[in-house]
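Student:
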Amino acid sequence: MSGGARDERPLLMLDSGIGGLTVLREARVLMPERRFLYVVDDAAFPYGNWEEAALRERLVALFGELIAAHDPVACVVACNTASTLALDALRRAYPEMLFVGTVPAIKPAAERTRSGLVSVLATPGTVKRQYTRDLIEQWATKCEVRLVGSVNLAALAETYMRHGLVAEEAVHAEIAPCFVEKDGRRTDIVVLACTHYPFVVNRMRKMAPWPVDWLDPAEAIARRALAILPRIDGEGPVARDPDIAVFTSNRPDAVTRRLMQGFGLVA
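Using the working numbering, the first residue of the sequence shown is number 1, and each one after it goes up by one.
This is the structure in structure tokens:
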């Protein structure tokens, strides 16, 4: 912005549940002067249960409503499933809006691996998406990439964040297919291709058969948002409206409200 003006429009972040809070956490570190609007599409949770065409249509319509109601400076689709499915459609539908997507961190994984064995841990929807396979073809042809579709891990992360408990055996069952041994080599990087997963990464480390680099994309997403947004003039903290959480169900339970408040969101 120029002339000392401050753009008070919020940066909108959307996920089907709590996963996008991992991105919000990083974005606040990089952009403390920004105001944030966190949208929980809990009326549609989990996205993995939707038919692709119906979910894409829902997301395009929902973002239209949110843009009209809140006039965000940009929108972050803080969900791999939604991004790999609908990001192109959103950009076509709202060409004047800046969108930042969340896609599997396959490029950095391919650059960092030493063994050449990389696993992508994602929801089944992200695993089957052509978008994901195109990323592998573009950036990771010199690696062996295993796509692991976890049916239950996002829900386990939601349970953990709401109640502080998670069955470690259940976590182990979800991550076990990520670990491959071949010709004396072992998987050395697991891409966390769902924003929910970092919430249970400590449990994953504990249950892993050997140490790996768990690649969390949250900081990279936040940095991408910072890069495309206009700069806000001025230094230091300023008085501004609080960050808020919006629930598409309009019926968040008390535990979820407290969780949002714990992240500094007015729910």
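Note that beta-carbon positions come from the ideal geometry of N, C-alpha and C, so glycine has one too.
Can you give me the start and stop residues for the alpha helix (DSSP H) that Ile67 sits inside?
Tutor: 52-70 is the span of the alpha helix (DSSP H), which, as asked, contains Ile67.
Student: Could you check the C-alpha separation between Arg25 and Arg257 for me, to the nearest Å?
Tutor: Their backbone Cα atoms lie some 17 Å apart in a straight line.
Student: Rounding to the nearest angstrom, what Cα-Cα distance links Leu248 and Lys142 in this structure?
Tutor: It is worth fixing the name first, because residue 248 is Thr in this sequence and not Leu. Cα-Cα distance, rounded: 43 Å.
Student: Kindly indicate which three-state DSSP category Phe199 falls into: helix, strand or coil?
Tutor: Of the three classes helix, strand and coil, the one that applies to Phe199 here is helix, per DSSP.
Student: With distances taken between CB atoms, is the gap from Gly101 to Leu117 smaller than 7 Å?
Tutor: Result no, Cβ atoms of Gly101 and Leu117 do not sit closer than 7 Å.
Student: Since Val191 and Ile106 should fall inside the 8 Å C-beta cutoff, what is the C-beta to C-beta distance between them, to a whole number of angstroms?
Tutor: 6 Å between Cβ atoms; contact.
Student: What distance in whole Å lies between the Cβ atoms of Ile228 and Ala74, which are believed to be in contact at a cut-off of 8 Å?
Tutor: About 7 Å separates the two Cβ atoms, so the contact holds.
Student: Quick one: is Arg34 buried, meaning 16 or more other Cβ sit within 10 Å of its Cβ, or exposed?
Tutor: With 16 or more other Cβ atoms within 10 Å, it is buried.
Student: Would you say the beta carbon of Leu135 comes nearer than 6 Å to a heavy atom of the ligand ZN?
Tutor: This structure lacks the ligand ZN; in fact it carries no ligand of any kind.
Student: Assign Met260 to one of three DSSP states: helix, strand, or coil.
Tutor: Helix.
Student: Using alpha carbons as the reference points, say which of Ala193, Arg28, Gly262, Glu51 lies closest to Thr123.
Tutor: Considering only alpha carbons, the answer is Ala193.
Student: What is the residue span of the beta strand (DSSP E) that Arg146 lies within?
Tutor: 144-149 is the span of the beta strand (DSSP E), which, as asked, contains Arg146.
Student: Ordered along the chain, which non-local residues of its own chain (more than five positions away) have a Cβ less than 8 Å from that of Pro72?
Tutor: For Pro72, where only same-chain residues beyond five positions count, the Cβ hits under 8 Å are Arg9, Pro10, Leu11, Leu12, Leu37, Leu66, Met97.
Student: Between the alpha carbons of Ala173 and Ile232, how many angstroms are there, rounded?
Tutor: Between Ala173 and Ile232, the C-alpha separation is close to 46 Å.
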